[in-house]
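Chemist: Protein chains in written order, with the working numbering: chain U, 36 to 267; chain W, 36 to 267. Ideal placement from N, C-alpha and C gives every residue a C-beta, glycine not left out. Once you've had a glance at the structure underneath, I'll fire off some questions.
Protein chains: 2
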Amino acid sequence: MGDHFDMTMDEVLPLRDVVFNTLRKAILTGELKPGERLMEIHLANRLGVSRTPIREAIRKLELEGLVIMIPRRGAEVAQITEKSLKDVLEVRRALDALCAELACDRITAEEEEMLGKACDEFARATKTKDATVIAKADVAFHDIIVQATGNQRLIQLINNLSEQMYRYRFEYIKDENQHDSLIEEHRIIYESIVGRDKEKAAKTARLHIDNQEKSIIRQIRLEQNQAAAGKK
Amino acid sequence: MGDHFDMTMDEVLPLRDVVFNTLRKAILTGELKPGERLMEIHLANRLGVSRTPIREAIRKLELEGLVIMIPRRGAEVAQITEKSLKDVLEVRRALDALCAELACDRITAEEEEMLGKACDEFARATKTKDATVIAKADVAFHDIIVQATGNQRLIQLINNLSEQMYRYRFEYIKDENQHDSLIEEHRIIYESIVGRDKEKAAKTARLHIDNQEKSIIRQIRLEQNQAAAGKK
DNA sequence: CAATCATTTCTTGTATACAAAGTACAATCT
DNA sequence: AGATTGTACTTTGTATACAAGAAATGATTG
Chain U
36 MGDHFDMTMD
46 EVLPLRDVVF
56 NTLRKAILTG
66 ELKPGERLME
76 IHLANRLGVS
86 RTPIREAIRK
96 LELEGLVIMI
106 PRRGAEVAQI
116 TEKSLKDVLE
126 VRRALDALCA
136 ELACDRITAE
146 EEEMLGKACD
156 EFARATKTKD
166 ATVIAKADVA
176 FHDIIVQATG
186 NQRLIQLINN
196 LSEQMYRYRF
206 EYIKDENQHD
216 SLIEEHRIIY
226 ESIVGRDKEK
236 AAKTARLHID
246 NQEKSIIRQI
256 RLEQNQAAAG
266 KK
Chain W
36 MGDHFDMTMD
46 EVLPLRDVVF
56 NTLRKAILTG
66 ELKPGERLME
76 IHLANRLGVS
86 RTPIREAIRK
96 LELEGLVIMI
106 PRRGAEVAQI
116 TEKSLKDVLE
126 VRRALDALCA
136 ELACDRITAE
146 EEEMLGKACD
156 EFARATKTKD
166 ATVIAKADVA
176 FHDIIVQATG
186 NQRLIQLINN
196 LSEQMYRYRF
206 EYIKDENQHD
216 SLIEEHRIIY
226 ESIVGRDKEK
236 AAKTARLHID
246 NQEKSIIRQI
256 RLEQNQAAAG
266 KK
């Protein structure tokens, strides 16, 4: 019999993984701010564990690029600069296009149906004007495409890269002017994949990232200006 | 004034990083074989350190995909299957093409010159018939292109993906029949980048990976057959 | 003799202890 | 007063101790 209680799932997870997930979430939601130091004893007390799992979690965050290590000084939350985000998006543009192409070759009938539903679902979600609901529907749509590639390494990389811009996802999602074009782009991607038109699917996927980039960069500049003003 | 003594630099590296590099190298060179268990006390004794740095190094290897964790059983060296290698190469094909395109836009005059030299150097290296020399020259050539993108994230990803096939690099390098086409491809890539022909640079980069894939897959099948025969 | 269960041993998971490096602040000297 | 050194304190780096879960071994029973 399978497990009935998801709660108990956490208990079998090693503490280092619990800590890893907790810290990652805290960083991605902005609870832990860029530049903030991650002090081991402090975190250990806060999470009710010893330093060991904290340290092991930090090693993984380090490799994931969410924290940077300064020798003999410890870890701090990585700064997100406009440059680092452009770098991430440049890679994502290429990988999202790859996903779209691969999906044309490999998507199953079931996945096609799911993708169609996710497409409609996204359109419906925009009507709610609830950023959380819209973001979820957006992720669901793209997840189906990524999964359809069947390439585990690609799936892992996309997930990691998506993380890096998690904090800014809401900003472009909230921009209601863009909703119609987002819906339209999703629809084109869906139809291209079903129609096995790799060229069009990849092109639209790239365009989709371009639009996100514009929103996100705008948002970052805004924040930087606010920070600069606050300093004065 | 800058540091005069480079010797002391290594000594300040935390043990976890020394262990991480040591284990990674051991895995990539095949000294630690796929499926082999990484037992902490054993490794600690062997490397003359305690379990703590070993464990932290393993966490990073885990995220890098070089080892897999089995809960309550520890780490073992990840198996490289034909599928996992195809997955890696599929991503690399896209990213190498991206590198070539970006290099067209961003390469500096100095880098162009270095690339030309690296191109000649590779041709010369093939004459030596020494796989190590050829492999080094090959890496040097591609490194210049990757660096020319100026995209830190991309540089990091390519390095990680290259690692995954490090073990098989010698196989396609040793294949002397391919030397001429490798030289030719390098030359085309170089000229395309200098001539700012993104399309051609990207296309040739993809072709370059295709050729490597063929060699490597052939090698893997060979090994698998040998393993199967040995079992019988 | 086979199967099962207890026991022992090995290994990981977690906590803690100790050493060394770094930091901040205050006292001292020029 | 300003700079410098010394000292206390904080924090990381490393080692070790202890607990708990798996695996292997052996004994016991049908």
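Quick check on DSSP: helix, strand or coil for W:Ile115?
Modeler: Of the three classes helix, strand and coil, the one that applies to W:Ile115 here is coil, per DSSP.
Chemist: Could you tell me the distance, in whole angstroms, from the CA atom of W:Gln114 to the CA atom of U:Ala158?
Modeler: Between W:Gln114 and U:Ala158, the C-alpha separation is close to 42 Å.
Chemist: Three or more beta-carbon pairs under 8 Å between the segment 243-263 of chain W and the segment 124-143 of chain W, yes or no?
Modeler: Output reads yes: the segment 124-143 of chain W touches the segment 243-263 of chain W.
Chemist: Looking only at DSSP bridge pairs, what is U:Gly109 linked to?
Modeler: DSSP output for U:Gly109 lists U:Ile105 as bridge partner(s).
Chemist: Using a C-beta to C-beta distance shorter than 9 Å, which residues of chain U count as neighbours of W:Lys95?
Modeler: Here the neighbours are Arg94, Lys95, Glu97 and Leu98.
Chemist: Given a limit of 7 Å on CB to CB distance, which residues of the segment 181-203 of chain W reach chain U?
Modeler: Those residues of the segment 181-203 of chain W that come within reach of chain U (Cβ to Cβ, closer than 7 Å) are Asn186, Gln187, Arg188, Leu189 and Leu192.
Chemist: Within its chain, find whatever has a CB closer than 7 Å to the CB of U:Arg90; leave out the 5 residues flanking it on each side and keep chain order.
Modeler: Taken in chain order, the residues that qualify are Glu75.
Chemist: How would you label U:Asp131, buried or exposed, when you count the other beta carbons within 10 angstroms and need 16 or more for buried?
Modeler: So U:Asp131 ends up on the buried side.
Chemist: W:Asp155 to W:Leu120, Cα distance in whole Å?
Modeler: So the alpha carbons of these two residues sit roughly 30 Å apart.
Chemist: For W:Leu48, does the count of other Cβ atoms within 10 angstroms reach 16, so buried, or fall short, so exposed?
Modeler: Exposed.
Chemist: Please name the residue or residues paired with W:Arg72 in a DSSP beta bridge.
Modeler: Paired residues: W:Glu111.
Chemist: Using a Cβ cut-off of 7 Å, pull out every chain W residue sitting near U:Arg90, in sequence order please.
Modeler: Here the neighbours are Glu91.
Chemist: With a 10 Å radius around its C-beta and 16 neighbouring C-beta atoms as the bar for buried, classify U:Arg202 as buried or exposed.
Modeler: Counting Cβ neighbours within 10 Å, U:Arg202 comes out buried, since at least 16 surround it.
Chemist: Ignoring anything shorter than 4 residues or poking outside the segment 140-209 of chain U, list the alpha helix (DSSP H) runs there in chain order.
Modeler: Segments of the alpha helix (DSSP H) lying fully in the segment 140-209 of chain U: 144-163, 166-183, 187-199 and 201-209.
Chemist: Output needed for U:Thr163: all residues of its chain with C-beta closer than 8 Å, excluding positions within five of it in sequence on either side, in chain order.
Modeler: Counting only Cβ-Cβ distances below 8 Å, and skipping sequence neighbours, we find Ile169.
Chemist: For W:Phe55 and W:Arg222, I'd like the C-alpha separation in whole angstroms.
Modeler: Approximately 36 Å between the Cα atoms of the pair.
Chemist: If contacts are defined as beta-carbon pairs under 8 Å, then U:Ile180 and U:Leu150 qualify, I think. What distance do you get, rounded to the angstrom?
Modeler: At roughly 7 Å, the Cβ-Cβ gap stays under 8 Å, so U:Ile180 and U:Leu150 are in contact.
Chemist: Kindly confirm or deny that the segment 140-148 of chain U and the segment 180-199 of chain U touch, where touching means at least three C-beta pairs closer than 8 Å.
Modeler: Because the criterion of three Cβ pairs below 8 Å is met, the segment 140-148 of chain U and the segment 180-199 of chain U touch.
Chemist: What separation, rounded to the nearest whole angstrom, lies between the Cα atoms of W:Val229 and W:Ser250?
Modeler: One C-alpha to the other measures close to 29 Å.
Chemist: Assuming the contact rule is C-beta atoms closer than 8 Å, U:Ile224 and U:Ala135 should be a hit. Round their C-beta distance to whole Å, please.
Modeler: About 6 Å; that satisfies the 8 Å criterion.
Chemist: Counting Cβ pairs, one atom from each stretch, are 3 or more of them under 8 Å apart for the segment 91-111 of chain W and the segment 206-216 of chain W?
Modeler: Flag = no, the segment 91-111 of chain W and the segment 206-216 of chain W do not touch.
Chemist: I need the DSSP call for W:Ala262, collapsed to helix, strand or coil.
Modeler: Reduced to three states, the DSSP call for W:Ala262 is helix.
Chemist: Quick one: residues in its chain with C-beta nearer than 6 Å to the C-beta of U:Pro88, no 5 flanking neighbours on either side, listed in chain order?
Modeler: Only Leu50, Arg51 and Val54 meet the Cβ criterion.
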